[in-house]
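Step one of this worksheet: look at the structure below.
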Amino acid sequence: MLHELFDLAAEFEPLIVVLIIGAVIGATIERYRTHLRRQAWKRRNRGEWKQPRLQTNSRSAALPGNVTSIVPKPIDAADQLRIVMGANFAIQPLLNRGEARLFRELDRIVMACNPQWQVMAQVALGEILSSPDTEAYRCINSKRVDLLLVDENCRPRHVVEYQGGGHYQGTAAARDAVKKEALRRAGIGYCEVVAGQTTPSELKRLIEKLVEKPASSFTPVDQDRSDPAATIAGDRSLTLSGSQA
């Protein structure tokens, strides 16, 4: 009986070998087809496949699942040029109508108070503030102020924010709070002009308090020493100024 089984197995041995080879070939083909399907899926979802990885800093490493920042894929100058060359650009006004009216009026008042001071518009806080704290600097770097008063040495002195009708929408109040605190810590003044509430006379009085008067190049004493006639003229001007005051 055992001998007959061996004979039967010997007869079916080629068939068994063929079946094993067929199974190996089939598994290889199926693995290759799976690889092709995976590559096709990656090509269809390339934008999602290349999403940046999520990273956590050391402060939140102890808290599982606490995502703090997304590190984008770095784009070099060549990539930026390629992107810009494929896009369209158009001119956009620097200020809206309300801001433009305030800018002109503010510039006129500042020039009358001190011609050496200047008014600048839409200034990024990252250009006028610095901080050794990198994280804090990133919080204010791209934020802008509507109008900035700078002195004769181009040092920022005061910020004037224009609050239009729809200014306090969404997170605007929170953004303003961040700007106020950063400016306060840097020693830069902050004031607001509210549309429909601040009158021209109130604005004039406010700016006159903020802008320092220019230092005179010479005094009446110097005039007295240089030219007696000038002394008389100087006394008259002082008298007129006093009477007008």
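Numbering (our numbering), first residue to last: 1122 to 1366.
Ideal placement from N, C-alpha and C gives every residue a C-beta, glycine not left out.
Every value quoted in this text rests on a predicted model; they were computed, and no experiment measured them.
Quick check on this structure: which residue in ILE1204, ALA1303, GLY1286 has the alpha carbon closest to the alpha carbon of HIS1279?
ALA1303
Inspect the beta-carbon positions of TRP1238 and LEU1270 and report whether they are closer than 8 Å.
Taking a C-beta distance under 8 Å as the contact criterion, TRP1238 and LEU1270 qualify as a contact pair.
With a CB to CB cut of under 6 Å and the five nearest residues on each side skipped, what residues in its chain are close to VAL1266?
VAL1244, VAL1280
Apart from the five residues on each side of it in sequence, which residues of its chain come closer than 7 Å, Cβ to Cβ, to GLU1226?
The residues are PRO1321, LEU1324.
From the DSSP output, in three-state form, read off ASP1267 for me.
strand
If you compare alpha carbons, which of ILE1261, GLY1317, ALA1161, LEU1223 is closest to ALA1295?
ILE1261
Please check the pair LYS1264 and LYS1300, which I expect to be a contact at CB under 8 Å, by giving their CB distance rounded to whole angstroms.
6 Å
Can you list the beta strand (DSSP E) stretches of 3 or more residues lying completely in the stretch 1191-1253, in chain order?
1239-1245
Measure the alpha-carbon distance for ILE1249 versus ILE1309 and round it to whole angstroms.
Whole-angstrom Cα-Cα distance: 10 Å.
Please state whether DSSP places CYS1275 in a helix, a strand or coil.
coil
Leaving out five residues before and five after CYS1104 in sequence, what residues of the same chain have Cβ atoms less than 8 Å from its Cβ?
Here the chain has residues from 1122 to 1366 only, and residue 1104 is not among them.
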